[in-house]
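Worksheet: one structure, shown below.
Residue numbers (this note's numbering), protein chains in the order written: chain A, -15 to 350; chain B, -15 to 350.
Spelled out as structure tokens, the structure:
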């Protein structure tokens, strides 16, 4: 493993000082910003996440804000998910596609007002796509990246920790809903959401300078709850089937290939870019799709696609993989052709460290 | 310094196997792809670059290809530089701005044909901006990222090494021009260009699988020339005043602030996005601008902006800095307000390691 050379271009976050003080050991880069990947060890972090509570610097989930009379029209142009019944205070997971139906992001959208949205993005410069469309269509809307940085609180004790800082009202936030809460005089959106299956919240921290005071308040309030710094955990997110844009699907894939067809209402999402391309996919179904894959033997770091083979025939690829302590197997996410995607299909996966036995399984592990 | 956690999302390049075999010690991430930053040491790499010849994996300079009847119209929409007199086989450095005149990339454009262009991009998903505009304007053009990955050959012996592999005709390529050359049956564009001041070429390697054969051919042919793997060198590029998008200028800056006003023909670049915003800047001039800054004392890693102060007043910021062995001073790039940008102005710069004396100087070092 090589070192990461830091520079201003790889942006620090409002929480970087806290992350460093907690002894971060590894980073990835996400939206041209530093995202921690490991604190004590990936396995230690994994067990801790499942048993206690962690504070995550996920400022890399940059916001694209739409504001103005055409904001809602533009938002519906961006996604094949039908937004007509979405209410204020709701979060929607929204696949975003280009005109060919290829995925260019898979963010969470927050409806702040009828004329104001935040899109909490995965790893691509969605801002440029949205600005290009708004300019080309001469829409009456402001599109910008506000000074808002999400901080996640994840784990079984997340409710208790959040209540200690924001009051018991946070316990009433429903899944994929958000409310507004005060922190030291600043109102911040808090959603019940996050990139783990252990439950928790994402705080949309408004203002860079509010970052460390909130980080410190959470660490102080959580002393008796075994709180520690954490980050999206590779093992836990694969066990839970949480997809990673850029890893598990790219612009080459439709939402249907990524198993996100249920979020695509191509018949009713009028005005959505890519609708024509997706109508046919929706009708005929994809020819390859994401599946959970269990792998025997030791699992090297998955730093490139690994071919999935049926004998000498390539029938797919693995894009994320890790060894699972709790399930005592290699857990992986793969894209598999329809000829071989049925539950129980035995395949081999070709890793740089050698060939492994693999099996398509029915469901993700948790 | 922390480790970088590799994943498929941080894409490997056609040359990654060669980079690893050469003992790469550090990476940055650029356009969601791995970019080497150091091999032997930044200082050793620096001296070697100035005395011998290096082969650089700059596949991170992804291409945005425009092809079709509206390709040239779209290209002119993207940049305030007037492209009317540009000829086939020319490369132009083209600032690209959004509708507010803020820079969103500073790539090199290659005119392949009247209806076909490559844009060799800096660190932002320019593809999404270009696709959004093309869709919004319903232009008759294909916009995509082709399987083309630049490999640079830089240093005083670059001509000799390139001639050994591609023949003596490469010596005739003029600065910022390109020609077509064969490598093992594939025609590739070769330009006299590159992100150093030591001279050299960029080969637009067509096809992932051609990467390592070409890398190996260059290494083999250069054995007597002290060829080695290299990468853009932090010290050398600051000495030479080569700007880095994301470090030295961002979407907050106009081209004029970045000292790129000479590439903006806002009066004649008809149809360029951002023209209205830049017309006024062009007339009145910017209120802050990039300047070379010399700094006394030792220079920590510049991983964030460093305030430039005149007494207690903030008058700018340093965004790139390094200690220069050849010039025996700290070399830096800063953005300085017009009140303090004159040559010889004495300032202080506030680094995380303490305050340093700094001086605005007239010209970059080479």
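C-beta: ideal position from N, C-alpha, C; glycine also. If you're wondering where the values come from, they're calculated on a predicted model, not measured in any experiment.
Look at residue 195 of chain B here: in three-state DSSP terms it is helix. At a cut-off of 8 Å between beta-carbon atoms, residue 113 of chain B makes contact with chain A. In the three-state reduction of the DSSP assignment, residue 181 of chain A falls in the coil class. Residues of chain B whose Cβ lies closer than 9 Å to the Cβ of residue -10 of chain A are, in chain order, -15, -14, 12, 285, 286, 287, 288.
When the Cα atoms are used, residue 315 of chain A and residue 104 of chain B turn out to be separated by approximately 38 Å. By the neighbour-count criterion, in which a residue is buried when 16 or more other Cβ atoms sit within 10 angstroms of its Cβ, residue 36 of chain B is buried.
Under DSSP, residue 301 of chain B shares a beta bridge with B:291, B:319. Contact of residue 83 of chain B with chain A is assigned, a C-beta pair being separated by under 8 Å. By the 16-neighbour rule on beta-carbons within 10 angstroms, residue 109 of chain A is buried. Residues of chain A whose Cβ lies closer than 8 Å to the Cβ of residue 88 of chain B are, in chain order, 112.
For residue 94 of chain B, the pairing in a beta bridge is given by DSSP as B:75, B:102. Close partners of residue 231 of chain B in chain A (Cβ separation under 7 Å): -9, -8, -7.
If you ignore the 5 residues before and after residue 196 of chain B, its C-beta comes within less than 8 Å of the C-beta of -2, -1, 1, 2, all in its own chain and listed in chain order. Taking 8 Å as the cut-off, the beta carbon of residue 230 of chain B is found no closer than this to the beta carbon of residue 161 of chain A. For the stretch 21 to 40 of chain A, residues whose beta-carbon sits nearer than 8 Å to a beta-carbon of chain B comprise 21, 22. Residue state for residue 70 of chain B is assigned as coil, using DSSP reduced to three classes. Taking all protein chains in view, the Cβ of residue 21 of chain A is crowded by 16 or more other Cβ atoms within 10 Å, so the residue is classified as buried. By the CB criterion at 8 Å, residue 138 of chain A and residue 171 of chain A fall outside the cutoff. For residue 9 of chain A, the chain B residues whose C-beta falls within less than 7 Å of its own C-beta are -14, -13, listed in chain order.
Inclusion of residue 102 of chain A and residue 47 of chain A in the CB contact set at 8 Å is warranted, their separation being smaller than that value. Taking a Cβ-Cβ threshold of 7 Å, the residues of chain B close to residue 119 of chain A are 83, 117, 120, 257, in chain order. Residue 249 of chain B places its beta carbon 8 Å or farther from that of residue 345 of chain B. If you look at residue 157 of chain B, you'll find it isn't in any alpha helix (DSSP H); DSSP assigns it neither H nor E. Along the stretch 40 to 72 of chain B, none of the residues has a CB nearer than 9 Å to a CB of chain A.
Following the DSSP letters along the chain, one finds residue 213 of chain A inside the beta strand (DSSP E) bounded by residues 211 to 214. Think of a sphere of 9 Å around the beta carbon of residue -4 of chain A: the chain B residues whose beta carbon falls inside it are 287, 288, in chain order.
For residue 107 of chain A, at least one C-beta of chain B is nearer than 8 Å to its own C-beta.
Residue 340 of chain A is outside the set of residues whose beta carbon lies under 8 Å from a beta carbon in chain B.
Looking at the DSSP output, residue 164 of chain B shares a beta bridge with B:173. Within the same chain, Cβ atoms closer than 8 Å to the Cβ of residue 53 of chain A are found at 99, 124, 125, the five residues on either side in sequence being excluded.
Among the residues of the stretch 296 to 309 of chain A, those with a Cβ less than 8 Å away from any Cβ of chain B are 303, 304, in the order of the chain. Cα atoms of residue 66 of chain B and residue 60 of chain B: separation of roughly 7 Å, rounded to the nearest angstrom.
For residue 277 of chain B, the beta-bridge partners assigned by DSSP are B:316, B:344.
Rounded to the nearest whole angstrom, the CA to CA distance from residue 226 of chain B to residue 289 of chain A is 35 Å. By the beta-carbon neighbour count (other beta carbons within 10 angstroms, threshold 16), residue 94 of chain B is buried. Sorting A:348, A:216, A:310, A:220 by C-alpha distance to the C-alpha of residue 274 of chain A places A:348 at the top.
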